[in-house]
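Novice: What follows is a single structure, and I will ask about it in a moment.
Numbering (my numbering), first residue to last: 292 to 558.
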């Protein structure tokens, strides 16, 4: 019994030291930002995440990313990364952000504001598309033909149309430094708990449904995330009015905001 107690204490001490070390190391996203410092435009999307938590041994947290850069004639180039080890803090920070942009650079301006896929530099940007009205009179975003592949790159088919009113809600959240997940109260359009993300990221969805341990880790991390909503609103994707957020423990507000320097429809 004495040996077991000593072994347990050593394991806890090792975990504490490792955890502190992880807390201060650069995240993979920071490393990618440094490596792409010569680029004027890029988008980093959280593609997948995994975790293993143990009582007496080291915990593991991992991310996969989708990186979009611009090639010739502003045609997007896509790269999906392998698994990266991340710190527990970084895992918790973005535990609610599957399928979301977690870093972007637009016209040379860097942001780590979490945004729905494609929103930071492409949706609303008249270089890539325009607003079109449907039969009910609502305006939704349409990419020009040469950029039609962006719908697939950002998995927009899984999330439904981007309506202008919802996009206005996003810009309002963005400018006030709050993350935007769309949808009505309790039913986000984007992020970890959205049906769109579950369809667009089947490996993550299968992991959530097949492993209660992993699901509990994600749920705990979302509730503890320093980026979660402490107060605020969740806006409808088809209405420009904001609703009071009754699930404030699940979704986060961002820590920074910036204004766009170029013209974007209606902004």
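Where a beta carbon is used, it is the ideal one built from N, C-alpha and C, also for glycine.
The structure displayed is predicted, hence computed values, not measured ones.
Mapping DSSP to helix, strand and coil, what is residue 354?
Specialist: The answer is strand: DSSP assigns residue 354 an E or B state.
Novice: Taking 6 Å as the limit between beta carbons, can you name the residues of its chain near residue 370, skipping five residues before and five after?
Specialist: The residues are 358.
Novice: State whether the stretch 336-343 contacts the stretch 385-394, with contact taken as three or more CB pairs (one from each stretch) at a distance under 8 Å.
Specialist: Short answer: they touch.
Novice: When the distance is taken between beta carbons, is residue 493 closer than 7 Å to residue 444?
Specialist: In this structure, residue 493 does not lie closer than 7 Å to residue 444 by Cβ.
Novice: Assuming contact is defined by CB atoms lying nearer than 7 Å, are residue 485 and residue 383 in contact in what I supplied?
Specialist: No, the pair does not count as a contact, with Cβ atoms beyond the cut-off.
Novice: Across the stretch 429-446 and the stretch 405-414, are there enough close Cβ pairs to call them in contact, namely three or more that are closer than 8 Å?
Specialist: Judged by Cβ distances under 8 Å, the stretch 429-446 makes contact with the stretch 405-414, as three or more pairs qualify.
Novice: Cα separation between residue 437 and residue 360?
Specialist: The straight-line gap from Cα to Cα measures roughly 16 Å.
Novice: On the three-state DSSP scale, how would you describe residue 450?
Specialist: Note: residue 450 maps to helix in three-state DSSP.
Novice: Should residue 439 be labelled buried (16 or more other beta-carbon atoms within 10 Å of its own) or exposed?
Specialist: Burial call: exposed.
Novice: Where does residue 348 land, buried or exposed, given buried means 16+ other C-beta within 10 angstroms?
Specialist: Result: exposed.
Novice: Among 462, 328, 469, 499, which residue has its Cα nearest to the Cα of residue 399?
Specialist: Nearest C-alpha to residue 399: 328.
Novice: I need the straight-line Cα distance from residue 397 to residue 413, nearest angstrom please.
Specialist: Looking at the two C-alpha atoms, the distance is approximately 9 Å.
Novice: Taking only the alpha-carbon atoms, compute the straight-line gap between residue 318 and residue 427 and give it to the nearest angstrom.
Specialist: So the alpha carbons of these two residues sit roughly 45 Å apart.
Novice: Residue 461 and residue 454 look like a contact to me (Cβ under 8 Å); what is the Cβ gap, rounded to whole Å?
Specialist: The Cβ separation is near 10 Å, so there is no contact.
Novice: Could you give the uninterrupted runs of the beta strand (DSSP E) lying entirely in the stretch 337-388, keeping only those of 3 residues or more?
Specialist: DSSP runs (the beta strand (DSSP E)) wholly in the stretch 337-388: 351-361, 367-371.
Novice: So, at 8 Å on beta carbons, what are the nonlocal neighbours of residue 312 in its own chain, with the 5 sequence-adjacent residues on each side left out?
Specialist: In this prediction, residue 312 has a pLDDT of 47, which is less than 50 and means its spatial position is unreliable; nothing more can be read from the coordinates.
Novice: So within the stretch 391-442, which uninterrupted beta strand (DSSP E) runs reach at least 3 residues, ignoring any that extend past its ends?
Specialist: Fully enclosed beta strand (DSSP E) runs of 3 or longer: 392-397, 400-402, 420-424, 430-434.
Novice: Which same chain residues, not among the five before or five after residue 522, have their C-beta less than 6 Å away from its C-beta?
Specialist: Unreliable positioning characterises residue 522 in this predicted model, as indicated by a pLDDT of 29, which lies under 50. The coordinate reading is nonetheless provided below. Hits under 6 Å: none found.
Novice: Would you list the residues sitting across from residue 475 in a DSSP beta bridge?
Specialist: BP columns for residue 475 point to 478.
Novice: Less than 6 Å between C-beta atoms, sequence neighbours within five positions excluded: which residues of the same chain meet that for residue 527?
Specialist: Confidence at residue 527 is low in this model, with a pLDDT of 36, below 50, so its placement is unreliable and the value that follows should be read with caution. Hits under 6 Å: 475.
Novice: Whose C-alpha, out of 346, 402, 480, is nearest the C-alpha of residue 468?
Specialist: Residue 402 is the option with its Cα nearest to residue 468.
Novice: Give me, in chain order, the residues of the same chain whose beta-carbon lies closer than 6 Å to that of residue 351; leave out the 5 immediate sequence neighbours on both sides.
Specialist: For residue 351, where only same-chain residues beyond five positions count, the Cβ hits under 6 Å are 343.
Novice: Just to confirm my understanding: we take residue 341, look at its own chain, exclude 5 residues before and 5 after, and list those with CB closer than 6 Å. What are they?
Specialist: 353.
Novice: Measuring alpha carbon to alpha carbon, tell me which of 331, 433, 325, 431 ends up nearest residue 365.
Specialist: Among 331, 433, 325, 431, the Cα nearest to that of residue 365 belongs to 331.
Novice: In whole angstroms, what is the alpha-carbon distance linking residue 563 and residue 385?
Specialist: There is simply no residue 563 to check, as the chain begins at 292 and stops at 558 in what is shown.
Novice: On a Cα-Cα basis, can you pick out the residue from 356, 374, 387 that is closest to residue 514?
Specialist: Among 356, 374, 387, the Cα nearest to that of residue 514 is on 387.
Novice: Determine the extent of the alpha helix (DSSP H) in which residue 236 is found, giving its start and end residues.
Specialist: For residue 236 there is no data in the structure shown, the boundaries of the chain being 292 and 558.
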